[in-house]
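The next block holds one structure in the form of structure tokens; read it before the comments.
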Amino acid sequence: MLNNKKMKKFKKSLTKLHPKKYWRIISFALPVLMGVLTYLSPDLFLAGLTLVSLIFAIIFTIPSLLAGKSFSLDRQKHNQALVNLKNSSLKKTQQTLKKIKKTDLTNKLTRKKNQTKKQLLAAIALIAVAFFSLTAWFSYQTIWQLTTTNPQTNLLLSYYQAHSQQLQHRWSDTALLITILTIILVIGLNKTTKNNNKAQLNKLQTLLASITIVLITGTLAFHTALAIALGSAVAELQVLAQTIKTDPQAAGIYQGQDQVRDQLEKREQMPQLVRAADQLDQEIVKINFANRDHKSQFYNQTIISQVPAQLWPEIQLPEANLILFGNNLVIKEIREEEIEHISPTLGRLLVKNYFARSIKNTPNFDAIGRQDYLKYRDQQINDQLAEIDADIQAINSKIAGIRSSMTNLVYQYIRGEISFDQALNRYRSYQNQISSLNSEKASLRQMKEIVAAQKDRAPYELGIFLPDEDNAIKVVIDLIKGNSIDEYLATLVHEYLHYTSYVDEERRLPLFFEEGLTEYFARRVMKQELDVDTQVGYRLIVKIIEQMAQDIPEEELAEVYFTKNKNKLIELLDEAYGHDFYADSEYHFVMIFFSGKEEALKLANDLMHEIGGAEIKMADIDPDYQQ
92 MLNNKKMKKF
102 KKSLTKLHPK
112 KYWRIISFAL
122 PVLMGVLTYL
132 SPDLFLAGLT
142 LVSLIFAIIF
152 TIPSLLAGKS
162 FSLDRQKHNQ
172 ALVNLKNSSL
182 KKTQQTLKKI
192 KKTDLTNKLT
202 RKKNQTKKQL
212 LAAIALIAVA
222 FFSLTAWFSY
232 QTIWQLTTTN
242 PQTNLLLSYY
252 QAHSQQLQHR
262 WSDTALLITI
272 LTIILVIGLN
282 KTTKNNNKAQ
292 LNKLQTLLAS
302 ITIVLITGTL
312 AFHTALAIAL
322 GSAVAELQVL
332 AQTIKTDPQA
342 AGIYQGQDQV
352 RDQLEKREQM
362 PQLVRAADQL
372 DQEIVKINFA
382 NRDHKSQFYN
392 QTIISQVPAQ
402 LWPEIQLPEA
412 NLILFGNNLV
422 IKEIREEEIE
432 HISPTLGRLL
442 VKNYFARSIK
452 NTPNFDAIGR
462 QDYLKYRDQQ
472 INDQLAEIDA
482 DIQAINSKIA
492 GIRSSMTNLV
502 YQYIRGEISF
512 DQALNRYRSY
522 QNQISSLNSE
532 KASLRQMKEI
542 VAAQKDRAPY
552 ELGIFLPDED
562 NAIKVVIDLI
572 KGNSIDEYLA
582 TLVHEYLHYT
592 SYVDEERRLP
602 LFFEEGLTEY
612 FARRVMKQEL
622 DVDTQVGYRL
632 IVKIIEQMAQ
642 DIPEEELAEV
652 YFTKNKNKLI
662 ELLDEAYGHD
672 FYADSEYHFV
682 MIFFSGKEEA
692 LKLANDLMHE
702 IGGAEIKMAD
712 IDPDYQQ
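Quick note on my numbering: the sequence shown kicks off at 92 and runs consecutively.
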């Protein structure tokens with residue numbers, strides 16, 4: 092006979108066997124996971140998700156679809172017995188219990204308990220299969236398949252958006268997996284209850300239970316996959332940090348001018364330039380991971396970059412000023428000796444990929460100071476002045492020859508060799524020639540004054556190409572403002588273009604187009620290779636060239652630039668803007684280059700009117716201009 096104490100123990104054992112307690116533990120895993128993510132990355136959105144998932148877990152555990160229905164023992168009979176035992180009189184209870192043999196009841200309870208345990212273990216095994224299958228699938232998608240990168244600062248929101256966009260294009264695989272798991276659960280749950288007719292689920296209950304299990308395990312697996320991806324990222328960072336510490340080259344890090352130049356010379360494309368930052372180590376690592384192709388873009392660019400700061404390992408990058416890490420080049424500051432060492436290679440890499448043509452290698456490069464640069468610049472101006480003086484002297488010689496001819500003309504008339512009308516016509520022709528030559532000489536003298544005034548003006552650029560000094564490129568280091576890497580590289584590209592397009596002294600484009608096209612292409616190279624907008628010099632001239640490039644194909648301008656074919660240039664301009672356009676505009680091309688800002692702006696707008704361009708404002712060419 093069972094006393095009250097034994098009956099309480101029996102009731103307690105039934106409660107322990109009730110599977111609702113296991114579901115309660117599982118359902119609270121999601122809010123716990125959300126809480127951990129909220130702690131690592133404090134965010135109101137994550138906090139809200141934590142609260143919602145907590146409410147969901149509470150509602151789920153207080154009677155739900157599965158509570159007491161799916162996997163319970165046949166409790167109706169035993170509960171009714173317990174109610175009868177509690178409400179009946181002690182005498183009736185004693186009489187009832189006498190009819191029950193203690194041995195038979197114990198054996199029956201043992202069989203029920205063992206059967207329930209087997210059913211519960213089978214159900215848990217099925218749930219585990221569903222959970223781990225979905226976790227593996229979402230982890231695979233996250234780490235290797237997601238192609239979408241999101242600029243969201245919230246990692247979880249980025250994760251949702253990436254998978255949502257992925258499902259829009261590739262939903263069939265995920266749908267097939269979920270369908271297969273649901274079918275397995277339906278079959279498995281039916282088998283676990285086939286020996287218990289009263290507790291066996293009907294078909295609708297089984298289907299609903301299976302779908303519910305898949306949804307719950309799928310939700311947990313979806314977020315577990317994010318945690319696995321984060322863990323994988325942290326592990327990779329830890330391995331990388333240790334490798335960098337012990338053997339930098341094994342991690343793909345090269346430092347110093349010699350190692351960096353050797354590696355750059357083996358490349359065909361310019362590496363990505365990394366500007367010095369407060370957290371340079373993390374910045375380089377993020378970029379390095381983003382450039383990999385054996386993991387998904389979402390993993391490389393979003394998960395790595397949004398690993399919580401608390402989980403980032405200490406990465407000790409070399410102290411060198413020049414660092415090449417994977418496809419990332421770090422130049423912390425411009426130093427003369429190092430710049431001289433790597434600049435020829437950098438110039439080649441920057442220019443090579445823009446033009447579909449052969450690019451010359453290995454110019455002689457020098458980093459020079461301000462005084463040396465001004466010396467070379469003054470020498471160039473002096474050479475231009477000498478050329479103008481030579482042209483003036485040639486004109487004077489022509490005028491002297493014409494005057495001598497005029498004198499001979501008088502003697503010819505006196506000797507009767509020519510008539511008066513012939514002498515008069517020739518004399519007038521000689522006067523016209525002298526007048527034209529005097530006008531040309533006046534223009535040259537005016538140009539000489541303008542060229543001489545260039546010595547007192549700020550230079551357009553901070554570099555110089557000297558073909559007569561073994562094709563030397565010289566770039567001013569101490570004039571680069573604030574150690575600007577972009578400004579330095581823009582100057583390097585400009586001078587490298589002069590170097591690689593140089594033919595000989597006899598084949599040069601007019602100065603307006605030589606410098607204008609050089610700067611135009613230099614800006615295009617910087618934009619394509621480094622995504623940098625630069626305006627180092629020749630702003631007014633480049634405005635005109637940019638307008639011309641809308642009417643003349645750029646490849647044809649490049650062909651003219653590299654072949655120095657002036658005749659082809661004139662032909663292209665005349666085709667685009669009318670017969671004799673170049674001849675009529677040549678004065679403007681010459682004077683824009685040498686005139687002061689206001690006069691040059693007026694001449695430039697005259698040209699822009701002729702070629703159909705918009706009016707240029709002073710603010711467009713002078714950032715410091717205030718109206």
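Beta carbons are placed, not taken as given, at the ideal position from N, Cα and C, and that holds for glycine. Note that the structure is a prediction, hence the values are computed from the model and not measured.
Where do the N-terminal and C-terminal ends of the alpha helix (DSSP H) with residue i fall, by residue?
i: Phe680; result: Phe672 to Phe685
i: Leu246; result: Leu246 to His260
i: Gln619; result: Leu602 to Leu621
i: Leu631; result: Arg630 to Met639
i: Ala667; result: Lys657 to Tyr668
Hey, residue i and residue j: beta-carbon distance below 9 Å or not?
i: Ala332; j: Ile394; result: no
i: Trp456; j: Ser434; result: The question names Trp, but residue 456 is Phe in the sequence shown. The answer is yes: Cβ separation under 9 Å.
i: His432; j: Gln348; result: yes
i: Phe672; j: Leu664; result: yes
i: Ile683; j: Leu631; result: yes
i: Gln407; j: Lys336; result: yes
i: Thr315; j: Ala221; result: no
i: Asn418; j: Asn452; result: no
i: Val651; j: Leu588; result: no
i: Leu268; j: Ser323; result: no
i: Pro404; j: Gln329; result: yes
i: Leu413; j: Glu429; result: yes
i: Arg614; j: Ala649; result: no
i: Phe556; j: Tyr611; result: no
i: His679; j: Ala667; result: no
To which residues does DSSP link residue i through a beta bridge?
i: Ile414; result: Gln346 and Val421
i: Lys565; result: Asp457 and Ile555
i: Glu595; result: Residue 595 is actually Asp in this sequence, not Glu. According to DSSP, Asp595 bridges with Arg598.
Does DSSP put residue i in a helix, in a strand, or in coil?
i: Gly460; result: coil
i: Phe556; result: strand
i: Asn46; result: Shown here, the chain extends from 92 to 718; a query on residue 46 therefore has no answer.
i: Ala705; result: coil
i: Asp711; result: helix
i: Arg166; result: Because Arg166 carries a pLDDT of 46, less than 50, the predicted location of this residue cannot be relied on, and no value is offered for it.
i: Phe119; result: coil
i: Glu508; result: coil
i: Lys386; result: coil
i: Asp338; result: coil
i: Pro435; result: helix
i: Asp642; result: coil
i: Thr483; result: Checking the sequence, you will find Ile at residue 483 rather than Thr. Correct three-state label for Ile483: helix.
i: Glu578; result: helix
i: Asp624; result: coil
i: Gln473; result: Reading the sequence as shown, one finds Asn at residue 473 and not Gln. Three-state DSSP puts Asn473 in a helix.
i: His700; result: helix
i: Ser396; result: coil
i: Ser449; result: coil
i: Arg519; result: helix
i: Glu359; result: coil
i: Arg426; result: coil
i: Gln401; result: helix
i: Gln370; result: coil
Locate the beta strand (DSSP E) running through residue i, then write down its first and last residues.
i: Leu237; result: Careful: Leu237 lies outside any beta strand (DSSP E) and carries neither H nor E.
i: Leu408; result: Neither: Leu408 is in no beta strand (DSSP E) and is coded neither H nor E.
i: Gln363; result: Gln363 to Val365
Using C-beta distances below 6 Å, list every residue in its chain close to residue i, excluding the 5 sequence neighbours before and after it, in chain order.
i: Gly704; result: Gln638
i: Val145; result: The residue you asked about is not Val; residue 145 is Leu in the sequence shown. The answer, listed in chain order, is Pro122.
i: Met361; result: Leu440, Leu441 and Glu620
i: Lys634; result: Ile707
i: Ala381; result: Asn391 and Gln392
Looking only at its chain, what residues have a beta carbon closer than 8 Å to the beta carbon of residue i, apart from the 5 residues adjacent to it on each side?
i: Ile472; result: Val542, Ala543, Gln545 and Lys546
i: Thr436; result: Arg352, Leu355 and Glu356
i: Ile275; result: Leu217, Val220 and Ala221
Sorted by chain position, which residues of the same chain lie with C-beta nearer than 7 Å to residue i's C-beta, five sequence neighbours on each side aside?
i: Ala691; result: Leu631 and Ile683
i: Thr273; result: Ser301, Ile302 and Val305
i: His700; result: none
i: Val277; result: Thr297, Leu298 and Ser301
Compare the C-beta of residue i with all C-beta atoms of chain D and state if any pair is closer than 9 Å.
i: Gln232; result: Protein chain content of the structure displayed is limited to a single chain, and chain D is not contained in it.
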